[in-house]
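Per our numbering, the sequence shown starts with residue 1152, numbered consecutively. Everything on this sheet refers to the single structure shown next.
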Amino acid sequence: MDVSDLMRRLKLYAARNDLQLEGRLGGGTDGEVWGADVSTVLKAFVRPDVYENEVACYHRLEERGIQSIGGFTIPKLERLDDELQVIELSTVKAPHLLDFGKAYLDCQHDFTDEAMADWQAQMDEIWGDYWPKIRAVKNKLQSIGILYLDTKPGNIKPPDGWDNRPD
């Protein structure tokens, strides 16, 4: 991943929209996320397909009038720039659901039963007693055609005070 190109695009987006970058909030294999001075978040993507997936998911949610699912707030897509592959999202507080870059629209998974069982066991371990709530959110997304697979704690933040560690 070329972070310098992502930063160039973020800075250009900010300049075009009279924004100031406030600091890095995160990043990973798909891109970089930075805060902006107007309480929004800017996200630049490494690959066009991930950008397109994320934008399509936010459009689907907006079309359906969905701003939260099961008490998890979903950021609102404020603006985007197809040329720069940058989106601007509203900020959200926990509990929230983020990152639709690895989601798929209008398709079913093609994982084997064994792979799904392994994934289910991993989710049970990560989320513990909270997994049924996360699974309900996933199921609601699937009911509107969004297959959401990236169910890690960095993307799904339960209410403050949630802790999956055993007593």
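For each residue, glycine too, the CB sits at the ideal point set by N, CA and C.
Minimum Cβ-Cβ distance from residue i to chain B less than 8 Å
| i | result |
| --- | --- |
| G1221 | The structure shown contains no chain B; it is built from a single protein chain. |
Run of the alpha helix (DSSP H) containing residue i, from where it starts to where it stops
| i | result |
| --- | --- |
| R1167 | 1154-1167 |
| E1265 | 1264-1278 |
Residue i to residue j span [Cα, whole Å]
| i | j | result |
| --- | --- | --- |
| L1256 | W1282 | 23 Å |
| R1316 | I1277 | For R1316, the predicted structure reports a pLDDT of 45, less than 50, and the residue's modelled location is therefore unreliable. A value from the coordinates is still provided. Straight-line Cα distance between these residues: approximately 9 Å. |
| D1242 | A1187 | Looking at the sequence provided, one finds Thr at residue 1242 rather than Asp. Cα to Cα, T1242 sits roughly 10 Å from A1187. |
| W1185 | D1301 | 20 Å |
Same chain, Cβ closer than 8 Å to residue i, neighbours up to 5 away in sequence not counted
| i | result |
| --- | --- |
| K1162 | L1172 |
| L1298 | A1254, Y1255, L1256, C1258, Q1259, H1260, L1292 |
| D1275 | W1282 |
| D1318 | Only weak support exists for where D1318 lies, its pLDDT of 38 falling under 50; the value from the coordinates is given anyway. Nothing meets the Cβ criterion. |
Residue range of the beta strand (DSSP E) that includes residue i
| i | result |
| --- | --- |
| L1249 | Looking at the DSSP string, L1249 is not in any beta strand (DSSP E), and its letter there is neither H nor E. |
| L1228 | 1228-1232 |
| I1238 | 1237-1241 |
| L1292 | Looking at the DSSP string, L1292 is not in any beta strand (DSSP E); the run it does join, the alpha helix (DSSP H), is 1282-1294. |
| R1175 | 1172-1178 |
Nearest residue (CA-CA) to residue i, options the options
| i | options | result |
| --- | --- | --- |
| L1231 | G1296, T1302, V1192 | V1192 |
| A1166 | V1237, R1215, I1217 | V1237 |
| N1306 | E1203, M1158, G1179 | G1179 |
| K1289 | F1251, D1233, E1234 | F1251 |
Other residues of its chain near residue i: CB distance less than 7 Å, five sequence neighbours each side excluded
| i | result |
| --- | --- |
| L1212 | I1225 |
| L1170 | A1187, D1188, V1189 |
Should the region 1208-1228 be regarded as contacting the region 1161-1179, the criterion being three or more beta carbon pairs within less than 8 Å?
no
Between the region 1239-1255 and the region 1293-1310, can you find at least three pairs of beta-carbon atoms closer than 8 Å?
yes
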